[in-house]
Amino acid sequence: MSFTVAAVIRTGGHTVSRAWLTALRHHFPQITSVTLLDDSRTAQKLARRRRRNPELPAGETLTAAELVSSPDLERADYVWFLSPDSLPEPDCLTQLHTRLSAADTLAVVGPKILAADGDLVSVGVTTTADGCRYSPVSPGEEDAGQHNRREDVFAVDEPGMLVAAAVVRQLGVPSETLSVSYRGIEYCDRLRRAGHRVEVVPQARIAIPAEGIGRYYSSPRPLPHKHIVRHEHRYRLATAGRGRSGITQLRLTLLAVLKALGNLLANSPDEAAWWLGAAWALPQDAHATRRLRRYRTGGSLPPSVYASRHDLRSARRELAGVGGEIAADHLREDGALNTAGDLAEFSGIDTRTKRSLLFHPLVVIVVVSSIASALMFYRLIGPGAITGGAWARLDVPFSAVVARIFSPILELGLGSSTPADPLLSVLAILSLPFGGSLDLMLRSLWLLALPLAATVMYLCAGRVVPAAGLRALLALIWIAQPAFLISLHDGRVGTVLSWVVAPAALWALDRAIHYRSVAAAAACGLAFAVIMAGSPFLIVPIIIVVITVMVVYRSTSFIWALLPGVGLSWPWLIAAIRQPDALLTNPGRVLDYAQPHSFQLALGWATRPQLSVLETWLPAAAVPWVLVALLLPLLAALVLAALRVRNSLAVLGLAVVCYSAGLAGAIVQAALEGQLTADGLVASFTGDSMLLIGLGFCGFTAAALWPVAFDRGSRVRSYALRGLIPAGALLMITAFTLQSLLVGTPIHRTTASPLPAFAAERHTGALGQQTLILQSDDDQLYGQLVIPESNTILTASTMHEARSISGHPFDRRPVAIDDADIALARIIGRLTSGSGDDTRTALDQLGIGFVVIRGSGASELAQTVAVSPGLTRLGATDQGLLYQVVPDGSPLSSVSVVADDGSLSPVEIVGGRGEIPAGTGQRTLILAERAGLARVQINGQDAVREEARTGAPSWQAAYQLPDEASTVTISYTYPQYAIGVGIGWALLFISVLVAIPFGNRSRARTAPRPATTASGTAESRSDERGST
Amino acid sequence: MNRRNLRSVLTFTAIALPGLMIAVTGYLQPLAGGSVPRGAEQVRLPATDTVSMCPGPLQTEDDVAGTDEEFQTSDVPTPTVRTASALTQAPDSTILAAGVESRTLGGEDNYTVGTTNGFVSGSDEQQDPTTVTGVAEGENPALVSAVQVTRADDGDWAGVAAVECVRPVTHARFATSGASATDDVRLVLSNPGETTITATTEATGAHGPIDIGGDATVSLEPREQRVIQLGAIAAEEPEVGLTVSADGGLIGAALQHSKRSGLTAEGIEMSGPVADPAREVSVPVAAGGPARLRLSNPNGEPVSVDVSAAGVDGPVDLARSGTSIPARGTVTLDIGEIPPAALTITADDRVTAAVEVTRDGDGGTDFAVFPAVEKLNSRQLLMLPEDIDASMLFGPGEGTLGVVGVRGDGSATGQFPVDLSGDRATEVNPAELLGEDTAAVIIETPADVSAFAAGVALTGRGVSALTVPDAPSGIGYRNIRLTD
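Chains as they are written, first to last, in the UniProt record's numbering: chain A, 1 to 1028; chain B, 1 to 484.
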């Protein structure tokens, strides 16, 4: 059918050749009128003059306003926009018209735009969500029909665009104020918002002159010239919406300034200047585009029309590879294939390094956390041993650590039979790369804890959230949890280790479930072993989780998630069955803390929020509230995650489970008798449950921010969260850093040794003398039996703490001390009674060779103690006033022979062996420890225990002695126990081997296979045959 | 259930469950039952010998002798020493009274008595300082006390000086008036042990520490007694606070005080050390009369004190009820005339105190010095002087004590309860309550009762304070904390 077309040629200031116009009208008889459109300022001035002065002759060119009201337009059905010297193909107009008239909702169609040599230029374009032009056509792409199926596009470019005339009359023409790149896009956007559709017709083709083709490609980065930013800004301002130009200008200004800074950092000052210049010119651009904004009627476009940033990045890489403009000799040279460039051009894989690694989110987080960690703990670098807080001294030889792990005897006070803490095994293994120095290893761990925890969380969060920025956000939340920072400050080794390892455990468990992989289950088990050693409170939740997983997925391979933990700590676990209080302990020294309220627990505070450094700036009553408020954005993330519809149900469910379990556990630990106060009783640290709460917060944040939503409300909320959560986290880290810098942490270096050197030497010598430390503070007398290993990790035992309390959950009471400790207390009482009592025999029986007196009341106590005969004052040492017990006769020893008349003679033990001379009468061999701990052999045979003799109290280890001279062997190794522990370690080693993923067989299955039928088996057999 | 329902359930759980947990436990206070600090272990110490040092006759060397024959001072009256050993119970329930060994400081044996069912000696005249040792048998504590009485009805030494023989200690403190023309104050130090001890004396006065110089440290050979004259080390000080520290052993310290105004004798007194410094000091003053309170402050900062008194009939008004003591200083507070009352001194920091009471008797005045005392503790034995009226004053307290009388033949009366009242002192006359022939009084204090007591010996001419001796070791418990 016939139709009339008004051709509109945008002159752009050039002259239009008559020949071309004639040819145009010749080829396309439907063109009834040709109008030259010129919106330059001179034309506008002329137009205004003409309006004022109607007698002036009509010029050749019209402005947009005139065009819309021109009579030519009223007579025509369609308007065809052309650029000068463009060559439409003969059937271009018919194709366009056929398509346009076929649908009522279509308002504009565009042809495939080609270059003069046949390369593609534009086949429909779109933008990203923030307004950068994206064209799927790469520079130099030849037309091989690959885009012939595209129809539904966001916009078409102006050359060759066919629009219904009624629409032009209503909505105007593409605006001159925008550049060629965005003109068509803005116009189509305008039409779309008015409810019309846009399509591209690839069968219709138009060729445009070669110059200026570069403007039809995607928005390039790095900027080839300075106008591109202005074009993009103008487009953004034109599409800003009524009344929002101010906010848009502000945003664009901020972005431009940031980009300028980024370019300055990246050593491209020219580009920085362009950005700043564009920012400066924003008001001018806003003014120029003000008329366009009034077209912004309501309605938002569905997000699917936009391109993603990923696509734009690929397009930009292609542009940058070619140089922004199409290269004349783009064609591939014959010769050696250079696939590197091709790979970069034709695939989406980025094989070149990005421009600035500094801006990668993980690097930012690691740098920030490294700086914070260095500022917090730089004092730990230096000579000496670390002590303080909950940190037990670690300056012990590696052999002593191994001996403790393989021996069930705890040399604390008068000795007891207590299995070693599993944490000791973990520390021993971790210190192997450091040459066996636990102190060095743990110091390094402390300095690296923040970046390490962030990195582990970043790597493991990839399972849940693919975007790098969000992963970094999760890592930041993880390390900024107050429980973690408090644990670092207080020296809670176990909790810190668990915190570093926990995300890896969950990641490995997820892989184990997803791939049914035994290797992943074993890796998960190794991580669980560390957590079980570091946070005993989590042993029960871990066991429950593993058993649940085994039951739900009906697979016994998940037992590997428990085996390493059990192997590492089975003696302790068995003892914990009888002493469930051990599950409430925290490894290390006992440190109590101010109990938090449960709403503070719910926000992640393991203790009552209090940082003394903030009290200098804020009133003391406000500090807890301020600290709690820093974590409120996480609570907002919780609510947002719960309310969103499109996030992953699994992540949300897991987060809910973790958070609730953590909160319940923390409440149990804090409010319901998990904690008992100082003086060596159990103090259950809520930080263990805070681990679960931290994981819950990370899960909630992931569910709140992923997947990214494009509607405005979600974007506002998500940006608010993305701003508030890091702000809160950084403030928290800053507060703790300031606390550590200005006030100090409880953990510190000390070069003082626990015992005076003389006393320590006598202990390690043949006589094995112990030291009694008496401390008088505020009228309270403290006594402690000390050996060089006291107050170190060798004598810190959670089982020992657990054994000292008893009672049902609502009435915990300390256990009364046993006979051995009563005897020790009596000796202390007699020494300090000031009555001149001769305590030498009693001291000799316990092998106490030295007495150290210290504390605020030391001088008075010393005078009282000095009254006792046999104490020689040796002098004042770092540890206090040192007195030596000088018995009349032979020296003191921890192993003595008691004769008939009660006199004691020492036995020197070297390397576990000692010689006893012959003697008459009933002699008894006594050891300065509780009965039943040492394995004593006399002349190669097991010694017989002596029961209840005078001179040998019943709690003390006493053995019968023959009359003749004999050899006594004392050892603290129990072969069965050592073998048992060794089997556990072997299990651990096997788990390590299992955890190393050899081969890909475990990845083949992703779901349980259905029962194979006979044909199924035949198929699989033929597959195998086929593949060999 | 399908995914939508599951999502709704999850949403509800995510918001409701934590909210519920917080709401329920939000302000839950930790249950008090289990937050028990691991307290100190109460250790019962084994019984050891109880040693009481009787200082011997009044020392008069270097006394200013008159040049005229008429002004020759009379002879010093010979003191008498009386001892008693009371029944005690061992942890294994055997009951016996410990044996007593009495010997002079020089080593001569006076007498030795084995374990009995109760023993009271006669009043033996002793020319030398005497050591009375109660020998602990097994686990039975040795509840043995002795009292030394110097008594004269006329002459230059008229008056009564009765002192419960002192226990050897490492630190002894006194708060006394200084030496002057009318007062002769001497510190008597004895070493009852076998080792040489060094005794260091520090003195404080009204204006702060007093520099003693070379005499501050004396060395005492085994069984040696030395006397330090306050007139020599702290001349012309109106009041002096003394602290004697012994190094290398235990020292028996007593203070001898005699007043003479020209030719008129104004009394004699011997007293033992006051209680250790404390923030709340109790001084039971069992005799009435014009009283002066001496307060000593061993701390580095000035201390302000408040004094209150509770008499038998209720609170007593004092002429002065508060003062401040300079750092390391001693002050005298004139509190006027008081009836027998228990003084309570409260201070910001630890102080010691003693009260000097003057009494007009037949033929002259005498004075008594009541020191600050420790709390009564389990079983204590107060010896009473023979043929001298004695009376006891218990300070205010809550609860009931028991007193048991020990008769002259060593047998014990039954226990008589003494009810303490909260705001007034209680006076007990042993002769009336326990019988005419009561030689000693056993004060039994239950563990939860906090009380103080002092005794006073009264004759027509003189008055003297009797301090209740400490409980022997083996009775009661000490608090010791064992740390790991």
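Note that beta-carbon positions come from the ideal geometry of N, C-alpha and C, so glycine has one too. Values in this document were obtained by computation on a predicted structure and should not be read as measured data.
How would you call residue i, buried or exposed, if buried means at least 16 neighbouring beta carbons within 10 angstroms?
i	result
A/R119	Residue identity check: residue 119 of chain A is Asp in the sequence provided, not Arg. By the 10 Å Cβ count, A/D119 comes out buried.
A/N267	exposed
A/A116	exposed
A/R471	buried
B/E280	exposed
B/G249	buried
A/A825	buried
B/L20	exposed
A/Y959	buried
B/I197	buried
A/W280	exposed
B/R478	buried
residue 1033 of chain A	A question about residue 1033 of chain A goes unanswered here, because the residues of chain A that appear run from 1 up to 1028.
Select from the options the residue whose C-alpha is nearest the C-alpha of residue i.
i	options	result
A/Y217	A/S138, A/V566, A/P419, A/R75	A/S138
A/A7	A/R511, A/V68, A/R51	A/V68
A/I477	A/C524, A/L414, A/A637	A/A637
A/A576	A/P536, A/W560, A/V545	A/P536
B/A152	B/G462, B/T483, B/A84	B/G462
A/L509	A/A519, A/C524, A/V496	A/C524
B/G193	B/E202, B/T200, B/T170, B/L187	B/T170
A/A820	A/A641, A/L414, A/L440	A/L414
A/Y235	A/V198, A/R190, A/E615, A/L261	A/R190
B/T195	B/A175, B/L220, B/T182, B/G205	B/L220
Measure the C-alpha to C-alpha separation of residue i and residue j and round it to an integer number of angstroms.
i	j	result
A/G145	B/R7	46 Å
A/G765	A/V944	27 Å
B/R223	A/G836	15 Å
B/E386	B/A439	7 Å
B/R359	B/G460	10 Å
A/A729	A/L630	7 Å
B/G33	A/V815	The pLDDT assigned to B/G33 is 37, lower than 50, so where the model puts this residue is not dependable; a value taken from the coordinates is nonetheless given after this. Going by the C-alpha atoms only, they are around 14 Å apart.
A/E89	A/T11	21 Å
A/A502	A/P408	29 Å
B/L293	B/I325	12 Å
B/P144	B/A86	What sits at residue 144 of chain B in the sequence shown is Val, not Pro. When rounded, the distance between both Cα atoms is 6 Å.
A/P224	A/Y306	24 Å
In terms of DSSP beta bridges, what is residue i paired with?
i	result
B/F394	B/T426, B/A453
A/L871	A/V885
A/D421	In the DSSP output, where bridge partners are listed per residue, A/D421 has none listed.
B/G205	B/G208, B/G329
A/Y553	According to DSSP, A/Y553 bridges with nothing at all.
B/A353	B/L295
A/L961	A/R923
B/V113	B/V100
Closer than 6 Å to a non-hydrogen atom of the ligand FAD - does that hold for the CB of residue i?
i	result
A/D818	Looking at this structure, you won't find the ligand FAD or any other ligand, since it has none at all.
Item to check | Validate contact between the segment 43-56 of chain B and the segment 455-475 of chain B using beta carbons, cut 8 Å, 3 pairs | outcome: As far as the Cβ criterion goes, the segment 43-56 of chain B touches the segment 455-475 of chain B, which means the pair count is three or higher.
Next on the checklist: Whether or not the segment 774-792 of chain A and the segment 869-878 of chain A are in contact is what I'm after, with contact meaning three or more pairs of Cβ atoms, one per stretch, closer than 8 Å; do they touch?
Outcome noted: no
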